[in-house]
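Chemist: Structure provided below as structure tokens; questions to follow.
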Amino acid sequence: EQTRSVILQCDDITVDFDGFKAVQGMNLRLLEGELRFLIGPNGAGKTTMLDMICGKTKPTSGRIVFGSAEITRMKEHQIAELGIGRKFQTPSIFRTLSVFDNLEIAMKQPRGVFATMRAKLRGEDRDRVHAQLAMIGLETKASWRAGDLSHGEKQWLEIGMMLMQEPQVLLLDEPVAGMTDNETEKTGELLREISRTQSVIVVEHDMEFVRNFASKVTVMHEGKLLKEGSMEEVQRDDRVAEVYLGK
Ligand code: ADP
């Protein structure tokens, strides 16, 4: 842990929506190659945190530093270009195009941009697409129409599209929502593999899923940091139990 450097740092972040503080004095430090889970009850401010890191929402106060760059006031597309990728719950893929073409398009675009275009692929580009297909478990479905994939496969395809753009930090909002048990397990394996080369923040509702990882967990409640630690530490905390069980 000590040898890994901080890749993303949120300092004393507050997000005020017309007098309602969705996030209040939040701090978060993500290390290089870390897979972090962000949990907490509905309305805790988790999605607002992701929105803020990717530039979709601006903090009212506080500071966000990515690598050596302060990104607090940068535009969403600038932050994407710097290497922070955000995946929303609903997959945004080109349903009428093939799985292969979806990955190719992502590779050929600037980070954060997925727009259709045709270009001649060089051999090494083709190899990159195939390597990505293997990583997301869709190598046998390269020629499938993306719209015909299962819900889980669509999610993997979009993650694959993001990975083609080689972000340093990936922000994922409930990636296993609506997945079958088998798809959930495969997504866990994919997240582990991604975190070997990238840093990831996952907003997650499914506690059973989070328990499968040795990762650090950040618990938010009413816009604030409630607890941070391993899943065991977090679960032992009385305040966390109170928030989740409503005691
Ligand atoms: P979570 O992801 O933990 O469920 P959110 O970050 O989505 O929580 O929301 C935190 C709180 O902020 C909620 O009470 C929500 O209603 C409120 N909120 C989120 N976005 C806005 C907005 N654009 N305007 C006003 N209130 C908002």
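Quick note on full-length UniProt numbering: the sequence shown kicks off at 3 and runs consecutively.
From the three backbone atoms N, C-alpha and C, an ideal C-beta is built for every residue, glycine too.
From a predicted model like this one, the values you see are computed outputs, not experimental measurements.
If you draw a straight line from the alpha carbon of K249 to that of A243, how long is it in whole angstroms?
Modeler: The predicted model places K249 with a pLDDT of 47, which falls under 50 and marks its position as unreliable; any figure quoted below should be read in that light. If I take the Cα positions, the gap works out to 8 Å.
Chemist: Check each candidate in S217, I9, G27 and name the one with the smallest Cα separation from residue 2.
Modeler: Residue numbering for the chain in the displayed model covers 3 to 249; residue 2 lies beyond these limits and cannot be assessed.
Chemist: So who's on the other strand from A71, going by DSSP bridges?
Modeler: DSSP, once it has assigned bridges, lists F68 as partnering A71.
Chemist: If you draw a straight line from the alpha carbon of G154 to that of M181, how long is it in whole angstroms?
Modeler: G154 and M181: Cα-Cα distance of roughly 6 Å.
Chemist: Beta-carbon within less than 6 Å of I15's beta-carbon, same chain only, minus the 5 sequence neighbours each way: which residues are those?
Modeler: Within the same chain, I15 has close Cβ partners V25, M28, P61, G64.
Chemist: Run through DSSP, which three-state label would M164 get?
Modeler: In the structure shown, M164 sits in a helix (DSSP, three-state: H, G or I).
Chemist: Do three or more CB pairs link the region 193-201 to the region 226-244 at distances below 8 Å?
Modeler: The region 193-201 is not in contact with the region 226-244.
Chemist: Answer yes or no: the CB of K89 versus the heavy atoms of the ligand COA, is any distance below 7 Å?
Modeler: For the structure depicted, the ligand COA is absent and the ligand set comprises only the ligand ADP.
Chemist: Give me the Cα-Cα distance between G70 and L52, rounded to the nearest whole angstrom.
Modeler: Contrary to the premise, residue 70 reads as Ser rather than Gly in this sequence. When rounded, the distance between both Cα atoms is 19 Å.
Chemist: Taking the beta strand (DSSP E) that E16 falls in, what are its first and last residues?
Modeler: Note that residue 16 corresponds to Thr in the displayed sequence, not to Glu. First-last of the beta strand (DSSP E) with T16: 8-19.
Chemist: Between H132, R38, S7, R128, which has its C-alpha nearest S230's C-alpha?
Modeler: Contrary to the premise, residue 230 reads as Glu rather than Ser in this sequence. Among H132, R38, S7, R128, the Cα nearest to that of E230 is on R38.
Chemist: Is the CB-CB distance between I86 and C12 below 8 Å?
Modeler: Their beta carbons are not under 8 Å apart, which means I86 does not touch C12 by this criterion.
Chemist: Go ahead and label G45 buried or exposed: buried means 16 or more other beta carbons lie within 10 angstroms of its beta carbon, across all protein chains shown.
Modeler: It counts as exposed.
Chemist: Can you name the start and end residues of the alpha helix (DSSP H) that V101 belongs to?
Modeler: Per DSSP, V101 belongs to the alpha helix (DSSP H) from 101-110.
Chemist: Alpha carbon to alpha carbon, how far is V171 from E141? Give it in angstroms, no decimals.
Modeler: Near 25 Å, if we compare the C-alpha coordinates of V171 and E141.
Chemist: Drop a sphere of 10 angstroms on the beta-carbon of E106, count the other beta-carbons inside from all chains shown, and report buried for 16 or more, exposed for fewer.
Modeler: Result: buried.
Chemist: Determine the closest residue to A136 out of E168, T50, Q167, V101, with distance taken between C-alpha atoms.
Modeler: A136 has its Cα closest to that of V101, out of E168, T50, Q167, V101.
Chemist: Leaving aside the five residues before and after L99 along the sequence, list all residues of the same chain whose C-beta is less than 8 Å from its C-beta, in chain order.
Modeler: Counting only Cβ-Cβ distances below 8 Å, and skipping sequence neighbours, we find I107, T118, R147, A148.
Chemist: Compute the minimum distance between the beta carbon of G45 and the heavy atoms of the ligand ADP, and state whether it is under 7 Å.
Modeler: It does: the Cβ of G45 is within 7 Å (strictly closer) of some heavy atom of the ligand ADP.
Chemist: Quick check on the DSSP output: the alpha helix (DSSP H) that includes residue 2 runs from which residue to which?
Modeler: Residue 2 lies beyond the stretch modelled for the chain, which goes from 3 to 249, so this question has no answer here.
Chemist: For L159, which option in M209, V17, F96, I41 has the closest C-alpha, if you only look at C-alpha atoms?
Modeler: Minimum Cα distance to L159 is reached at F96.
Chemist: Cutting at 7 Å between CB atoms, please list the residues of its own chain near M233, excluding the five before and the five after it.
Modeler: Excluding positions up to five away in sequence, the list reads V212, R213, V219.
Chemist: Tell me the DSSP bridge mates of I138?
Modeler: For I138, which the question treats as bridged, DSSP gives no partner whatsoever.
Chemist: Give me the Cβ distance between Q200 and M166, rounded to the nearest whole Å; I'm assuming they're in contact under 8 Å.
Modeler: Q200 to M166, Cβ: 12 Å. No contact.
Chemist: Between the C-alpha atoms of K143 and R75, what's the straight-line distance to the nearest angstrom?
Modeler: Those two C-alpha atoms are separated by around 41 Å.
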